[in-house]
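Notes follow once the structure below has been shown.
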Amino acid sequence: MRKITKIAVLTSGGDAPGMNPCIRAVVRTAIYNKLEVVGIRQGYQGLIDNNMYEMNTRSVSNILNLGGTILKTARCLPFRTDEGMETAYNNIKAQGIDGIVVIGGDGTFTGALRFSQRFPDIAVMGVPGTIDNDLYGSTYTLGFDTATNTVIEAIDKIRDTADAHDRLFFIEVMGRDSGAIALRAGISCGAEAILLPERATAIDDLIESLKAGQFNKKSSSIVIVAEGDKSGGVYDLAERVRGQVKFYDIKVTILGHLQRGGSPSAFDRILGSRLGFAAVNALIAGKSQMMVGLEANHIKLTTLEEALTQHQFKLEDDLMQMSEILSI
Ligand SMILES: Nc1ncnc2c1ncn2[C@@H]1O[C@H](COP(=O)(O)OP(=O)(O)OP(=O)(O)O)[C@@H](O)[C@H]1O
Ligand SMILES: O=P(O)(O)OC[C@H]1O[C@](O)(CO)[C@@H](O)[C@@H]1O
Ligand SMILES: [Mg+2]
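The numbering used here applies: residue 125 is where the sequence shown begins, and numbers increase by one.
This is the structure we're talking about:
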């Protein structure tokens, strides 16, 4: 079995509330088990730039409540190249690191898998950290709960003013390839329609359902549009509907990056702590090329390969059907 003596931890891709509790758990679990632990700054960019520092138990004091990530993060193009990966590998070897915990989303795991297939002597363990909730093998990813609650708080406020003015709002929420936030927020806020990247919505059907809402004496309507919806963008969509829905004044709101910030919820603090703890224990047990996730309230290991390829089945059919029925 491979022996781990020194590990590194990094956060990569979009930041997500819960990353800091996870970093804290990784560092303290490692030190408790007499491992050295190194923090990599700015995700894969830090591996390439050799931007690393030794961490101790006090490096992670008072961070449970912080949004963002104390290690910083990046979208790093050079890591996609063979040369970039090789530079990263040489820096890792020079530091004597034999295992890495990577906290991020599907892109981060794609990079981690490619890297560890090329350099299998470095063990990699993924922690699902993305507000997009788009990984197979964990019912929830870090940050999704906090981000969804942030979105709900914002949409509730929009509903107040929409109702006061008898307006129809198109609200864009994050999710370039994922409708997870849109679906959960839509159900929680009673959205009249939810447009998702995973499902095509015919514009005629949308208009018919808005007309039905007006017929049923709805004073306001909210259409939640995930960023990655294929209808051509929220402004374009609003314009097309404006031509045919005369009874509502129409407004557009893009919630944007406020959705990714903020103090992690209790759920994300606990999830981050559990997954960080489990990730270090999995490395110590000799595992690699895997992701630690939470399924049915139990820690589960999934191969990175599976985590990346199975997620398209994740949006629940019953939620999609229910959201339409409950908003009549
Ligand atoms: N095919 C790939 N090969 C090597 N590295 C990759 C690959 N795809 C992504 N990465 C690395 O992973 C980083 C993070 O990926 P990405 O920007 O897609 O975010 P993510 O991890 O999916 O998180 P989120 O979707 O929550 O923002 C990229 O910036 C890049 O450095
Ligand atoms: O902050 P950036 O790099 O524009 O990324 C935005 C993307 O990141 C995510 O927020 C995930 O982190 C997606 O939902 C969104 O499409
Ligand atoms: Mg992603």
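We put the beta carbon where it would ideally sit given N, CA and C, even for glycine. Please read all numbers here as calculations on a predicted model, not as lab measurements.
Among the options, nearest to residue i - alpha-carbon criterion
i: E316; options: D329, E160, E322 and A324; result: D329
i: G417; options: D392, D441 and L439; result: D392
i: G163; options: L425, T153 and I147; result: I147
i: S355; options: A326, T270 and I227; result: A326
i: D258; options: L237, G170 and M298; result: M298
i: E322; options: I305, G228, I311 and K335; result: I305
i: P252; options: G229, V133, V150 and R283; result: G229
i: A278; options: Q219, G310, T205 and T433; result: G310
i: Q413; options: N421, E429 and Q219; result: E429
i: P141; options: S451, L266 and G303; result: L266
i: H289; options: D373, G303, R242 and S389; result: D373
i: A431; options: Y260, P202, K127 and R152; result: Y260
i: S262; options: S447, T427 and Q368; result: T427
i: I255; options: R364, F268 and A132; result: F268
i: D173; options: V184, L188 and Q219; result: Q219
Any non-hydrogen atom of ligand 1 closer than 6 Å to residue i Cβ
i: D442; result: no
i: R238; result: yes
i: R384; result: no
i: F203; result: yes
i: G235; result: yes
i: Y168; result: yes
i: C200; result: yes
For residue j and residue i, believed in contact at Cβ under 8 Å, the rounded distance
i: V225; j: V404; result: 7 Å
i: Y359; j: V376; result: 6 Å
i: T193; j: N144; result: 6 Å
i: I423; j: A402; result: 5 Å
i: S136; j: T232; result: 4 Å
Per DSSP, cross-strand counterpart(s) of residue i
i: M414; result: M249 and T427
i: A132; result: V162 and I224
i: H422; result: E419
i: I318; result: I348
Test item: CB-CB of residue i and residue j under 7 Å
i: L307; j: S345; result: no
i: Q383; j: T274; result: yes
i: A154; j: G400; result: no
i: S333; j: D287; result: no
i: L303; j: A336; result: What sits at residue 303 in the sequence shown is Gly, not Leu. Against a cut-off of 7 Å, the Cβ pair of A336 and G303 comes out as no contact.
i: G385; j: G138; result: no
i: K130; j: E178; result: no
i: L319; j: D353; result: yes
i: L171; j: N214; result: no
i: I128; j: D222; result: yes
Ligand 3 heavy atom lying under 6 Å from the CB of residue i
i: D230; result: yes
Residue i Cβ short of 6 Å to ligand 2 heavy atom set
i: G163; result: no
i: G138; result: yes
i: D256; result: yes
i: G299; result: yes
i: E296; result: no
i: E322; result: no
Cutoff 7 Å: residue i Cβ touching any chain B Cβ
i: A406; result: As a matter of chain content, chain B is missing from the structure shown, which is built from one protein chain.
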